[in-house]
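Visitor:
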Amino acid sequence: MVVLGIDPGITHLGLGVVEVEPKGTLKARLLHGEVVRTSHKEPAQERVGRIHARVKEALARFHPEALAVEEQFFYRQNELAYRVGWALGAVLVAAFEAGVPVYAYGPMQVKQALAGHGHAGKEEVALMVRGILGLKEAPKPSHLADALAIALTHAFYTRLGAGKPL
1 MVVLGIDPGI THLGLGVVEV EPKGTLKARL LHGEVVRTSH KEPAQERVGR
51 IHARVKEALA RFHPEALAVE EQFFYRQNEL AYRVGWALGA VLVAAFEAGV
101 PVYAYGPMQV KQALAGHGHA GKEEVALMVR GILGLKEAPK PSHLADALAI
151 ALTHAFYTRL GAGKPL
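In terms of our numbering, the sequence shown has 36 at position 36, counting the first letter as 1, and numbering is strictly consecutive.
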């Protein structure tokens with residue numbers, strides 16, 4: 001199973017593609033990883049357009065069976081939520097155009113799936129990603145590690161028959 005994981009953000013969007021063995025232990029291999037960067041100095045349509053283009057390219061190149069995104073919680077950060085929504089919209093349109101279903105998982109679900117408990121820190125999750133993917137070191141920056149963690153989380157929940165469609 002090939003999964004594209006997205007850590008949504010308008011300034012830094014993590015994008016990771018993994019291929020997961022269909023049965024047995026959760027073993028996977030890294031196919032691609034990047035962070036799409038945009039500047040607050042650019043017009044909104046350019047930022048959103050670049051994100052859409054990069055996600056669309058990844059979908060066309062790797063043909064994932066699913067796209068998984070991290071659910072975002074902003075509480076009182078309305079402006080940030082608004083801008084991250086631009087990035088998420090670009091991702092959703094690209095997935096729609098490619099005919100790829102989208103799934104969403106919250107931070108607690110990611111921590112439980114990869115570390116076995118919901119109180120894991122970012123470093124612990126990144127180390128689990130490193131181990132599952134057989135990498136020499138934990139993926140960096142954190143946006144990439146998060147995107148890969150989301151993709152692996154989707155694979156884990158799919159094996160349990162508990163994928164969470166957006």
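Heads up, the beta-carbon is just placed ideally off N, CA and C, and yes, glycines get one too.
Pop quiz: Ala-104 and Glu-71 are said to be a contact at Cβ under 8 Å. What is the actual Cβ separation, rounded to whole angstroms?
Guide: Looking up residue 104 in the sequence shown gives position 104. Looking up residue 71 in the sequence shown gives position 71. That belief holds up - the Cβ atoms of Ala-104 and Glu-71 are roughly 5 Å apart, short of 8 Å.
Visitor: Spatial neighbours of His-32 within its chain, please: C-beta separation below 8 Å, excluding the five flanking residues on both sides.
Guide: The residue you call residue 32 lines up with position 32 of the sequence shown. These residues qualify, in order along the chain: Leu-15, Gly-16, Val-17, Ala-58, Arg-61 and Phe-62.
Visitor: Only counting runs of 4 or more residues, tell me where the alpha helix (DSSP H) segments fall wholly within the region 43–127, in order along the chain.
Guide: Whole alpha helix (DSSP H) segments, 4+ residues: 44–62, 78–98 and 107–115.
Visitor: Does the separation of the CB atoms of Val-36 and Leu-152 fall below 9 Å?
Guide: Counting from one through the sequence shown, the residue named residue 36 turns up at place 36. Counting from one through the sequence shown, the residue named residue 152 turns up at place 152. It is not a contact, given that the beta carbons lie outside the stated cut-off.
Visitor: According to DSSP, is His-32 helix, strand or coil?
Guide: Position 32 of the sequence shown, counted from the first residue, corresponds to residue 32. In this structure, His-32 counts as strand in the three-state DSSP scheme.
Visitor: Of all the options His-12, Leu-30 and Ile-10, which has the alpha carbon lying nearest to the alpha carbon of Glu-19?
Guide: By 1-based counting over the sequence shown, the position of residue 19 is 19. If we check each option's Cα against that of Glu-19, Leu-30 comes out closest.
Visitor: Quick one: what does DSSP say Ile-10 is sitting in, helix, strand or coil?
Guide: In the sequence shown, the residue the question calls residue 10 occupies position 10. DSSP places Ile-10 in coil when its eight states are reduced to three.
Visitor: Do you know whose CA, among Met-1, Ala-44, Val-93 and Gly-163, lies nearest Gly-106's CA?
Guide: One-based indexing of the sequence shown puts residue 106 at position 106. Of Met-1, Ala-44, Val-93 and Gly-163, the residue nearest in Cα terms is Gly-163.
Visitor: What whole-angstrom Cβ distance do Leu-88 and Pro-139 have, given they're in contact under 8 Å?
Guide: In the sequence shown, the residue the question calls residue 88 occupies position 88. In the sequence shown, the residue the question calls residue 139 occupies position 139. About 22 Å separates the two Cβ atoms, so there is no contact after all.
Visitor: Span of the alpha helix (DSSP H) holding Leu-153?
Guide: Position 153 of the sequence shown, counted from the start, is the residue given in the question as residue 153. It should be pointed out that residue 153 corresponds to Thr in this sequence rather than to Leu. Note, Thr-153: alpha helix (DSSP H), 142–159.
Visitor: Give the secondary structure of Gly-5 by DSSP, where H, G and I count as helix, E and B as strand, and everything else as coil.
Guide: On the sequence shown, residue 5 is found 5 positions in, with the first residue counted as 1. Strand, per DSSP.
Visitor: When the Cα of His-40 is compared with those of Lys-56, Val-84 and Ala-68, which residue comes out closest?
Guide: Residue 40 sits at position 40 when you count from the first residue of the sequence shown. His-40 has its Cα closest to that of Val-84, out of Lys-56, Val-84 and Ala-68.
Visitor: So, under 8 Å CB-CB, Ala-28 and Glu-21 are touching, yes? Tell me the CB distance rounded to an integer number of Å.
Guide: Taking the sequence shown and counting its residues from 1, one reaches residue 28 at position 28. Taking the sequence shown and counting its residues from 1, one reaches residue 21 at position 21. Confirmed, about 7 Å.
Visitor: Put Gly-131 into one of helix, strand or coil per three-state DSSP.
Guide: Position 131 of the sequence shown holds residue 131. DSSP places Gly-131 in helix when its eight states are reduced to three.
Visitor: Helix, strand or coil for Arg-15 per DSSP?
Guide: The residue given as residue 15 occupies position 15 in the sequence shown. Here residue 15 turns out to be Leu, not Arg, going by the sequence shown. Residue state, collapsed to three classes: strand.
Visitor: Rank Val-91, Val-69 and Glu-79 by C-alpha distance to the C-alpha of His-52 and give the top, closest one.
Guide: Along the sequence shown, read from residue 1 onward, the residue named residue 52 stands at position 52. The residue with the shortest Cα to Cα distance from His-52 is Val-91.
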